[in-house]
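*Asks:* One structure coming up, written as structure tokens, with questions to follow.
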Amino acid sequence: MTLRVAIVGTGPGGFYTADALLKSDVELEIDLIDRLPTPFGLIRGGVAPDHQTTKRVIKAYDRSAQNECVRFYGNVELGKDVALEELKALYDAVVLAVGSPLDRKLGIPGEDKKGVFGAAAFVGWYNAHPDFRNLDPDLACSAAAVIGNGNVAIDIARVLVKTPEEMAETDLSDYAATAIHGGAVEDVYMFGRRGPVEAKFTNVELREMGNLTDCHPVVDPADLPNEVTGEWSARDRRLRERNLETLREFTALDPADKSKRVHFAFYANPVEILGGAHVEALRLERTAVENGRARGTGEFFEIECGLVLPAIGYQAVPVPGVPFDEDNGVIVNEDGHVGDGVYCAGWVKRGPTGVIGTNKPDGDVVAHRILDNLGAGAGKEGRRGLEALLAGKGVRHVTYDDWQKIDAAEISAAADPAPRRKFAAVEEMLAVLES
Ligand code: NAP
């Protein structure tokens with residue numbers, strides 16, 4: 003018998019689950035379904051364009067996708083082109099690995115003004131994600147405020163201040179390169195509601211900010227405690243000590259004649275976005291950290307800025323018919339098992355945390371649950387039925403061979419030394435397949 007598994011979502015969560023299943027000796031058919039014609043989810047649309055080494059993990063995913071048990075069905079959207087109930091009828095297991103594509107909201111007045119873009123949208127825009135290619139942020143302002151002290155906040159700040167030369171070997175979308183490098187942003191404020199010890203960015207990413215060609219990292223030495231206090235594991239304490247050390251080194255750097263600055267502004271909680279229809283300033287309250295939590299001090303200040311970019315975490319979209327934990331923004335599951343032939347993996351399973359590699363052990367857990375529960379499968383129809391269903395609905399699905407053609411077209415369209423020039427529109431991708 004053959005165990006037939008549909009994995010919806012082809013980012014790290016989906017691929018590591020497929021990979022773990024492929025290690026079993028069960029006879030398998032794994033169908034990878036993605037609403038975009040392109041695979042790799044967050045690696046393509048979320049990882050920063052100047053972090054190409056991180057994107058090399060795609061080589062391993064590519065090997066899994068080309069395994070003879072695996073097929074890719076791109077340009078197929080769950081809930082639009084195919085219903086969950088239809089997949090459940092066709093497959094022994096349906097794994098939802100659909101990520102956390104939405105921005106969490108700040109929940110403060112003024113958040114609906116023009117010039118406020120959540121990280122999912124802004125990162126998607128510069129990464130040529132079809133959903134956000136028309137975002138069209140106005141970068142004619144001199145200052146931008148990034149909210150949050152995580153790695154996504156630091157990614158955004160860095161992409162805004164790197165020079166065209168520093169971005170030459172990246173796959174930054176060409177329209178974003180034009181807007182950013184032709185824009186006027188000189189000061190990027192990174193606001194953390196807590197202090198440097200509590201910041202979530204990792205040290206490699208922080209250190210990078212001290213080595214930029216035309217940008218000086220600004221840190222107020224008064225914000226830096228002499229030592230890391232509080233309850234931390236030995237590992238966490240070491241990581242935080244390293245961050246403190248790096249921030250201390252920043253205070254000693256010579257700004258030379260660098261024309262841009264990233265301001266690490268700690269102990270500042272945004273309370274209102276000010277302006278008319280468009281953002282003109284951000285109002286913040288100074289905080290103090292008590293028992294690890296930010297407490298308002300009643301002292302307020304304002305920063306003039308034309309862009310506010312909250313990078314405060316992501317949230318998943320509930321899948322109709324699947325139990326959803328609203329508080330934690332995840333599908334209700336036990337080790338990836340949801341029930342009734344449905345499983346979940348990646349951020350929609352555990353929340354938007356961890357690095358790419360965190361999805362590997364996570365995928366193992368889900369795969370084991372599937373194998374333990376379903377063994378060799380129940381003789382369901384699988385991909386033959388899926389293809390008939392899609393053909394019947396007139397859905398033009400994109401195969402892995404098709405993706406390789408799109409990939410080759412992107413690579414050949416790149417101006418040296420860029421690795422690729424991404425298509426940002428689904429129609430452009432599909433047009434490659436017609437030529
Ligand atoms: P994150 O690491 O959870 O950081 C979110 C930040 O937003 C925190 O500083 C948090 O502050 C702040 N925040 C949350 N709600 C806020 C509010 N209402 N007002 C002000 N600040 C608020 O999330 P992320 O940066 O989105 O990253 C998601 C995951 O992807 C992380 O695990 C990250 O490490 C990973 N990632 C890794 C890389 C890399 O390895 N290079 C790159 C990008 C992303 P508090 O701490 O006070 O809550």
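Everything in the sequence shown is counted per our numbering, starting at 3 for the first residue and increasing by one. Backbone N, C-alpha and C fix where the C-beta goes; we use that ideal spot for every residue, glycine too.
1) If we count the other Cβ atoms within 10 Å of its Cβ and call it buried at 16 or more, is V334 buried or exposed?
2) Between A121 and the ligand NAP, is the CB less than 7 Å from at least one heavy atom?
3) If we count the other Cβ atoms within 10 Å of its Cβ and call it buried at 16 or more, is V72 buried or exposed?
4) When you compare only the Cα positions, how much space is there between L376 and T40?
5) Quick one: Cα of A121 to Cα of E87, how far?
6) Please list, in chain order, all residues of the same chain as V340 whose beta carbon is under 8 Å from its beta carbon, the five residues on each side excluded.
7) What are the residues that DSSP puts in a beta bridge with G76?
8) Between the Cα of P312 and those of N151, R209, R196, spot the shortest distance and give me the residue it belongs to.
9) Identify every run of the beta strand (DSSP E) within the stretch 154-235, keeping only runs that are complete inside it and at least 3 residues long; order them along the chain.
10) Specify the secondary structure class of R18 as computed by DSSP and reduced to three states.
11) Which two residues bound the contiguous alpha helix (DSSP H) that contains Y269?
12) Assign E301 to one of three DSSP states: helix, strand, or coil.
13) Cutting at 6 Å between CB atoms, please list the residues of its own chain near A415, excluding the five before and the five after it.
14) Smallest Cα separation from W405: which of L34, E29, M3, L30?
15) Between which two residues does the beta strand (DSSP E) carrying R352 extend?
16) First and last residue of the alpha helix (DSSP H) that includes D366?
17) Just the C-alpha distance for L284 and A147, rounded to the nearest angstrom, thanks.
18) Closer than 7 Å to a non-hydrogen atom of the ligand NAP - does that hold for the CB of H131?
19) Rounded to whole angstroms, what's the CA-CA distance from D105 to V154? Just pull it up for me.
20) Going by other Cβ atoms of all chains shown within 10 Å of its Cβ, with 16 needed for buried, is T289 buried or exposed?
21) Determine the DSSP secondary structure at P257, reduced to helix, strand or coil.
22) Should D157 be counted as a contact of the ligand NAP given a C-beta to heavy atom distance under 7 Å?
23) Between the Cα of T234 and those of G47, N293, N361, spot the shortest distance and give me the residue it belongs to.
24) Residues bridged to F326 by DSSP?
25) Which residues mark the beginning and the end of the beta strand (DSSP E) in which V321 is found?
26) For my contact list, G109 and G11 are in at a C-beta cut-off of 8 Å; report their separation, rounded to the angstrom.
27) Mind reading off the beta-carbon distance from G197 to Y269? Whole number of angstroms is fine, and I expect it under 8 Å.
28) Does any heavy atom of the ligand NAP sit closer than 7 Å to the C-beta of A296?
29) Mapping DSSP to helix, strand and coil, what is K262?
30) Just to confirm, are L92 and G384 a CB contact at a threshold of 8 Å?
31) What residue from M169, A258, K164 has the CA that sits closest to P421's CA?
32) Here's the rule I'm using: 16 or more other beta-carbon atoms within 10 Å means buried, otherwise exposed. How should H265 be labelled?
33) Please determine if the stretch 393-412 and the stretch 50-57 are in contact, where contact requires at least 3 C-beta pairs separated by less than 8 Å.
34) DSSP on Q68, reduced to helix/strand/coil?
35) If we call anything under 8 Å between Cβ atoms a contact, is A142 one with A186?
36) Spatial neighbours of D366 within its chain, please: C-beta separation below 8 Å, excluding the five flanking residues on both sides.
*Replies:* This is what the structure gives:
1) By the 10 Å Cβ count, V334 comes out exposed.
2) A heavy atom of the ligand NAP is found nearer than 7 Å to the CB of A121.
3) V72 is buried by the Cβ-count criterion.
4) Rounded to whole angstroms, L376 to T40 spans 30 Å at the Cα level.
5) Their backbone Cα atoms lie some 32 Å apart in a straight line.
6) If you ignore the 5 residues before and after V340, its C-beta comes within less than 8 Å of the C-beta of L98, V324, P325, I333, V334, C346, all in its own chain and listed in chain order.
7) BP columns for G76 point to V400.
8) Closest option to P312, Cα to Cα, is N151.
9) Within the stretch 154-235, the runs of beta strand (DSSP E) that reach at least 3 residues and sit entirely inside it are, in chain order, 189-193, 217-221.
10) Correcting the residue type first, residue 18 is Tyr in the shown sequence and not Arg. In the structure shown, Y18 adopts helical secondary structure according to DSSP, grouped into three states.
11) Counted as a single uninterrupted DSSP element, the stretch harbouring Y269 is not any alpha helix (DSSP H), since DSSP gives it neither H nor E.
12) Here E301 sits in strand by DSSP.
13) R423.
14) Ranking the options by Cα distance to W405, first place goes to L34.
15) Counting along the chain, R352 falls outside any beta strand (DSSP E), though it belongs to the alpha helix (DSSP H) covering 349-352.
16) Element bounds for D366: 361-376.
17) Cα to Cα, L284 sits roughly 8 Å from A147.
18) No, since every heavy atom of the ligand NAP falls outside the 7 Å radius drawn around the Cβ of H131.
19) For the pair D105 and V154, the Cα-to-Cα distance works out to about 12 Å.
20) Looking at its Cβ environment, which holds 16 or more other Cβ atoms inside 10 Å, T289 is buried.
21) Assigned with DSSP and collapsed to three states, P257 falls in coil, not helix or strand.
22) Answer for D157: yes, Cβ within range of the ligand NAP.
23) Here the sequence assigns Trp to residue 234, which means Thr is not the residue at that position. Looking at the Cα atoms, N293 is the closest of the given residues.
24) I333.
25) From DSSP, V321 is part of no beta strand (DSSP E); its letter is neither H nor E.
26) The Cβ separation is near 28 Å, so there is no contact.
27) Right, their Cβ atoms sit about 6 Å apart.
28) Shortest gap from the CB of A296 to any heavy atom of the ligand NAP: under 7 Å.
29) Look at K262 here: in three-state DSSP terms it is strand.
30) Taking 8 Å as the Cβ cut-off, L92 and G384 qualify as a contacting pair.
31) When each option's Cα is compared against that of P421, the closest is M169.
32) The residue is buried, with at least 16 neighbouring Cβ atoms inside 10 Å.
33) By the Cβ criterion, the stretch 393-412 is not in contact with the stretch 50-57, since fewer than three pairs of Cβ atoms, one from each stretch, lie closer than 8 Å.
34) The DSSP-derived three-state label of Q68 is coil.
35) Cβ distance < 8 Å, so A142 and A186 count as in contact.
36) So the qualifying residues of the chain are Y18, A22.
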